[in-house]
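2 protein chains.
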Amino acid sequence: MASHTAVGQRVTRIDAADRVTGRARYADDFRLPGMLYGKLLLSPLPHARIRRIDTSRAERLAGVKAVITAQDAPEHRFGGLIKDRLIFAREKVRYAGEPIAAVAAVDEATAEEAIHLIAVEYEELPVILDPQKAAAPDALLVHEEWETYLADPDLPRRGNICNGGEVRFGDVEQGFREADLIVEERYETQMAHQAYIEPHAAMAAVDPSGKITVWSTTQGQFPLRDALAEIFALPHTRIKVIGTEIGGGFGGKIAPTIEPVCILLSQKTGRPVKITMDREEDFLDTTPRRPCIVELKTGVKRDGTLLAREARIYFATGAYAIGRYNFAGNVCRRLSGPYYIPNVHFSGYSVYTNQQPCGAFRAPGSPQVTFACESHMESIAAHLGMDPIQLRKKNALRKGQQTAIGSLDDSADLVALIDRAVEESGWYSKPLAPNQGRGIACSFWTSSAQAGSNTVKLNQDGTVAVTTGSIDLTGTHTTLAQIVSEEVGVDLQQVSVTTADTDVAPVAPVSAGSNITRSMGASVKLAAETLRQKLLELAADHLEANVHDLEIRKGEVYVKGVPERGVSFKTLYNLAATSRGGPPVVTASTTPQAPTVNFTIQVATVEVDPETGAVKVLDLVVVQDVGFAINPLSVQGQMEGGATQGLGYGLMEQMIFLNGKLSNPHLLDYKIPSALDVPPIKTVMVEEPASRSPYGAKGVGEPPIVATAAALANAIYQATGVRISSLPLTPEKILQALQARKE
Amino acid sequence: MASHTAVGQRVTRIDAADRVTGRARYADDFRLPGMLYGKLLLSPLPHARIRRIDTSRAERLAGVKAVITAQDAPEHRFGGLIKDRLIFAREKVRYAGEPIAAVAAVDEATAEEAIHLIAVEYEELPVILDPQKAAAPDALLVHEEWETYLADPDLPRRGNICNGGEVRFGDVEQGFREADLIVEERYETQMAHQAYIEPHAAMAAVDPSGKITVWSTTQGQFPLRDALAEIFALPHTRIKVIGTEIGGGFGGKIAPTIEPVCILLSQKTGRPVKITMDREEDFLDTTPRRPCIVELKTGVKRDGTLLAREARIYFATGAYAIGRYNFAGNVCRRLSGPYYIPNVHFSGYSVYTNQQPCGAFRAPGSPQVTFACESHMESIAAHLGMDPIQLRKKNALRKGQQTAIGSLDDSADLVALIDRAVEESGWYSKPLAPNQGRGIACSFWTSSAQAGSNTVKLNQDGTVAVTTGSIDLTGTHTTLAQIVSEEVGVDLQQVSVTTADTDVAPVAPVSAGSNITRSMGASVKLAAETLRQKLLELAADHLEANVHDLEIRKGEVYVKGVPERGVSFKTLYNLAATSRGGPPVVTASTTPQAPTVNFTIQVATVEVDPETGAVKVLDLVVVQDVGFAINPLSVQGQMEGGATQGLGYGLMEQMIFLNGKLSNPHLLDYKIPSALDVPPIKTVMVEEPASRSPYGAKGVGEPPIVATAAALANAIYQATGVRISSLPLTPEKILQALQARKE
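Chains U and V, in that order, are what the protein sequence lines are.
FYI, in the numbering used here the residues of the first sequence are 93 to 835.
FYI, in the numbering used here the residues of the second sequence are 93 to 835.
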């Protein structure tokens, strides 16, 4: 540790100046000669049969270059495991916001006008939004015909259930029989939007040979290329994706949205076409966090030992399935929380509803599960009359215990983390005023490492350049630069990191799942180590010394202890380029690694106004096992940002549907935390290194959002004695609960 | 040979559709938000002291954002061995066209107007243009102070001589004493412009952190970055060069021209600045072919055996030296031509004159030397009354002979090539009408291989992408794609080749010196072979077979003879990415290789109108040792294009100076060949493979320009009996010579 020169340092993001001065170019900043503006016609109805589409008036409008509908689009379904998505609705619309048609015109106003000139006749159909009701065998079907799709044969297809699974462990009936107390509860969470500052925007240009170039605000250039290649049935060499600077993603910029439409319009017009969604369109037709219903039944001994749990989770997945994996089947495995429960039976269902297709949002599924499970733990403690800290510590997962969520070998000790959170929050020491309360929530997340590749090259002047295909969502380019600085032995200022497009960059994974530092960090470290070794060997020859007698400092190789016997990287470049193997450039690839489980504890202190139900968050403590903080400044930013987003999710954010239609698709009525809503956040990084990870780093972006809502719910309970069982924890609900208790 | 699948095939350029449909984006096609238009004030005088520059009126003009002069520019001198160049003239101007100031304005008209508002007071100075006179010890000095510069200590600095050298071999006096005949002649060649279809254009943007991005129509991104880093004293990580599509270079787009000015204007205004030269500016301030004077004295035996030669060559290098090598010292070694002469004394001088700095132009120095030497050979044959073919064959260089130009080990047999040219042209068999003549010229060129790197990656779908830093000037990307197709085993349509910018691409050499196929071809071949080996090893494991029992065809690996036991590259990608080393991507580098000498013979048949002196070229035969033609279609294009450009150089192209000022800086009065001027060209490729070169390929771009002017001069001599000793071979000169002979 003491020997690190670059990693472990608090470093300002290397792209900070570009970002704060407005020079960073986002997707909407790109303009090409002859470019047209595209616009979507979105369904105003949540469920309807399309009787007729008349585009003739729109086509006749001066300045309109193309109007397209489902007839112009490939018939391939796409989008996930079930491939039930189409670019434009055919025959039916299944959510308010589903694209029906699109136009390309010479300016935005003309495109907008043309959209209004498209006449669509609908036959309205009944709507279903509640996932539990939609899961019933006799429910109205969102996709009457979907058994005809190319679906995964392993899927438990049933009515509207599009994926799901079960976990059984021990003997849950026996567990309940042995229990002194059984607590049964039901929790609900809302649909929430990622509300990134930059809405979706993309541009496509098709060249005369048919090759497609797409500019997009995407979290993953290569997965987007993959998806577009599938939709348009083209080889990867015929599609280039340029991931632009990204103004927030949080999981909401993974699936293709407007890119296929831009391509179709560009193919039809022969000109570049750009679509930038306005905020309303973005709310209506992107992929928010899945709302869910969780039913929990837990059997516990009088001393607090958890004995058995039966639980069900119903996710509303919206009208189409996003993602290629069994989401609900996977998430239901987490219904134990970070505790050991010997007997469990969990089931999970993703259920079609007449809403926009839901997708990934920072730690998908876990804030929902954690809100339910950690509220439930607090209820159990209350029923038992037990200290909620002691209940958690008693049942905390320990190394060596069998878990459904992965190995704990690399995890920090959960009891120690809880103690740390107790200490840092003054749980027992800082007195609370009336109407104040303190709540804790424990959570875990797993951070994976995907396959990755990076290229590290020595420039002619001895500086170092990294070429990567990954999108810098959270400061990961700075992290990669630190790793290269550390391993090659040059100052951080001498390292550049650049995202290149899919034609040019080595393949990179999507920037999601908190994986980039582990995935790309591993491959860039391997490349940097290889480059260092090359330089040492060149220098050994040049200095007539043994490699093991050499050391590197600031772009120079010296004989240890003889600083005057050295050679610069610049000279080594020339040596290599003229006669020793050519310019030193290394591309290295690494494979996926098993996920690590990392625990995060949050403690919230709140004050509730009994007259209004308003919640003021007084402070928030986040204790997180980060493995190793390569850039502590950046890790701190992730912890603060995650907790802030968790606070929004817990207290205020909610997509509200009236008659099946989203009623608040703007940031004025969809409130997210402002600086005034954010309390002091104390971030505590615990470093228990992960194996098979650069310097032991763990994924840190997602964990801090997971526990916040639950900690807030528990704090409100401690302050008021009322249990709010649905998110968000609004003043209305609190006031209603306080009044109900009075009555 | 029979086993090749992709190399050796006639293949249409992979970028053909982009180029012919106008989609290819040249430097002037780039526009950035807020971009300003830059314009240069060029000196109207060839030599003058600058008394005063008043920019105040220009600065006050509405829409002008910056006016800069030498005061705003770094004082570093740059540009070559002697580093005598500045961005703007200080105190003195030394050629008509030298930049004095520049403006950036909101549009081109305003920039143009502002230039006219800059008032400069000059004190005119005498002018020197003749390099032989300028080389005299008492000549007027172009740089009175240049001994104070950072110059190469090995340079023979003397007056205006800025580089040069000598070659002595054998005993030239003794040789002359033994000669039966001594022929002494003097030849002169003109200044000629590359006249690429796209004038110089560049844009610079400086970001808030000070990082510079330059878009430029350059032949070499990395050398340009190197030069700009030197001028602005910045590390390479702080300058990014984006080489755009290029509309011809021919050596004229190597040195920085307007790029430093764009950078200065962008630094001053904080906005992107683009400069696109108009044709006149391009003629006045870029780097044309050096004019020269050659004095030759050759001693020969009656049987035609060459015994001794004394020769001097004076190049006018213009007012500043371009290039980092001893140009004249190097070129004078070629004054033997492709012949064995046992006793020689050659000297060469680059001499400052009051003209634009000269630079590289397709086979720098060689068309000049070849015009002189091959005209001289014809004169010697005439003096001896000897068949000029026999004279050449008698003295032709042979393998094993010591030469000043490099090893002949890899060269085709020169005598055989001459015989081939004789046969193909019908030298002895096709009769000539009156006023018709046939002329031959023999030439050589050396093609080198520089250090290069390329990255070859397997895409997720099994197609293959090449990332390169080299600029495709002549179809070399298609050649690289053929090599990868051949070595990896996929169809050419499954391979993409992309030039990435200097931040992102592996380092690449300048596309000049006919080196790319040898340099980048070697490194891409090494990368492709390594990728192939990886794929074979993956497949061997997967198929449970021995690597040696496998073969690859069209993106599939099979067990030989068992086509049903195969695995696709797509499957191998997945295998590698999930568990076997990560995504298959290979970067490979190679070192420079010794140059190969390749001979080219040209035969021209002409008809001269005795009334007007007009020359009609009836046909042209080009016999060239190409080593191995990876893409014969492309090689043929180079041979035809080179001979056509040689024809323009021989017959019509000339930059004409009146009072030291270029009088014909437009394509209307600087005539280059049109389709109507070009005769049928018969191209004959001889394939004598080069060692240490992919498939034996030799550089083919430069050789075909070298001999054309000499062949034409000799054909005119055969047709008319008059010897024109200066280029171009205009009707005026021919008519004058015919009339002089009559008198």
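Yeah, the Cβ is synthetic: ideal placement off N, Cα and C, and Gly gets one too.
Can the beta-carbon of residue i be found less than 9 Å from the beta-carbon of residue j?
i, j, result
"Tyr441 of chain V", "Gly738 of chain V", "no"
"Val259 of chain V", "Val436 of chain V", "yes"
"Val659 of chain U", "Ala631 of chain U", "yes"
"Ala473 of chain V", "Leu483 of chain V", "yes"
"Glu205 of chain U", "Leu128 of chain U", "no"
"Ile414 of chain U", "Arg177 of chain U", "yes"
"Thr812 of chain V", "Ala799 of chain V", "no"
"Gly280 of chain V", "Ser611 of chain V", "Per the sequence presented here, residue 280 of chain V reads as Glu, with Gly not at that position. Not a contact, by the Cβ cut-off of 9 Å."
"Thr336 of chain U", "Arg117 of chain U", "yes"
Name the DSSP beta bridge partners of residue i, please?
i, result
"Asn255 of chain V", "V:Ser442"
"Thr547 of chain V", "V:Thr559 and V:Thr679"
"Ala696 of chain U", "U:Gly531 and U:Leu712"
"Tyr406 of chain V", "V:Ile385 and V:Tyr441"
"Ile274 of chain V", "V:Gly391"
"Tyr650 of chain V", "V:Glu643 and V:Gly658"
"Ser588 of chain V", "V:Ala557"
"Val298 of chain V", "V:Ile304"
"Leu128 of chain U", "U:Val365"
Report the option in the options whose CA atom is closest to the CA atom of residue i.
i, options, result
"Ser308 of chain V", "V:Arg330, V:Asp711 and V:Gly339", "V:Gly339"
"Gly391 of chain V", "V:Arg382, V:Ser428, V:Gly410 and V:Asn418", "V:Ser428"
"Gly132 of chain V", "V:Thr104, V:Val159, V:Lys491 and V:Gly114", "Note on residue identity: the sequence assigns Leu, not Gly, to residue 132 of chain V. Here the closest residue by C-alpha is V:Val159."
"Met295 of chain V", "V:Thr566, V:Tyr288, V:Gln728 and V:Val306", "V:Val306"
"Gly561 of chain V", "V:Thr594, V:Asp110 and V:Ile289", "V:Thr594"
"Met731 of chain U", "U:Gly793, U:Leu509, U:His475 and U:Ser458", "U:Gly793"
"Ile142 of chain U", "U:Glu337, U:Val185, U:Lys393 and U:Ala573", "U:Val185"
"Ser135 of chain V", "V:Gly415, V:Arg182 and V:Asp176", "V:Arg182"
"His208 of chain U", "U:Val198, U:Val558 and U:Ala193", "U:Ala193"
"Leu399 of chain V", "V:Gln494, V:Gly262 and V:Gln313", "V:Gly262"
"Arg381 of chain U", "U:Glu579, U:Lys774 and U:Met747", "U:Met747"
Taking C-beta pairs closer than 7 Å, name the residues in chain U that residue i reaches, listed in chain order.
i, result
"Arg115 of chain V", "Asp299 and Pro300"
"Thr590 of chain V", "Asp595 and Val596"
"Thr555 of chain V", "Pro327, His328 and Thr329"
Quick one: which chain V residues come within Cβ less than 9 Å of residue i?
i, result
"Val587 of chain U", "Thr329"
"Ala109 of chain U", "Asp299, Pro300, Ser301, Gly302 and Lys303"
Residues of chain U with CB closer than 9 Å to the CB of residue i, please, in chain order.
i, result
"Val602 of chain V", "None at all; the shortest Cβ gap to chain U is about 13 Å."
List the residues of chain U whose Cβ lies closer than 8 Å to the Cβ of residue i, in chain order.
i, result
"Val599 of chain V", "Lys549, Asn551, Gln552, Ala669, Pro675 and Val677"
- Task: Using a Cβ-Cβ cut-off of less than 7 Å, give me the residues of the stretch 531 to 553 of chain V that come near chain U, in sequence order.
- Result: Of all residues in the stretch 531 to 553 of chain V, Ala543, Gly544, Ser545, Thr547, Lys549, Asn551, Gln552 and Asp553 have a Cβ within less than 7 Å of some Cβ in chain U.
- Task: Quick one: which residues of the stretch 660 to 685 of chain U get their C-beta closer than 9 Å to a C-beta of chain V? List them in chain order.
- Result: Under the 9 Å Cβ criterion, the stretch 660 to 685 of chain U contributes Tyr665, Ala668, Ala669, Thr670, Ser671, Arg672, Gly673, Gly674, Pro675, Pro676, Val677, Val678, Thr679, Ala680, Ser681, Thr682, Thr683 and Pro684.
- Query: Listed in chain order, which residues of the stretch 560 to 576 of chain V have Cβ atoms closer than 8 Å to some Cβ of chain U?
  - Reply: The stretch 560 to 576 of chain V vs chain U, Cβ under 8 Å: nothing.
- Members of the stretch 120 to 154 of chain V near chain U, C-beta cut-off 8 Å: The residues in question are Asp121, Arg123 and Pro125.
- Near-chain V residues of the stretch 610 to 627 of chain U (beta-carbon distance less than 8 Å), N- to C-terminal order: Answer set for the stretch 610 to 627 of chain U: Ser615.
- Item | Positions along the stretch 301 to 322 of chain V whose CB lies within less than 9 Å of some CB in chain U | Cβ contacts with chain U: Ser301, Gly302, Lys303, Phe314, Arg317, Asp318 and Ala321.
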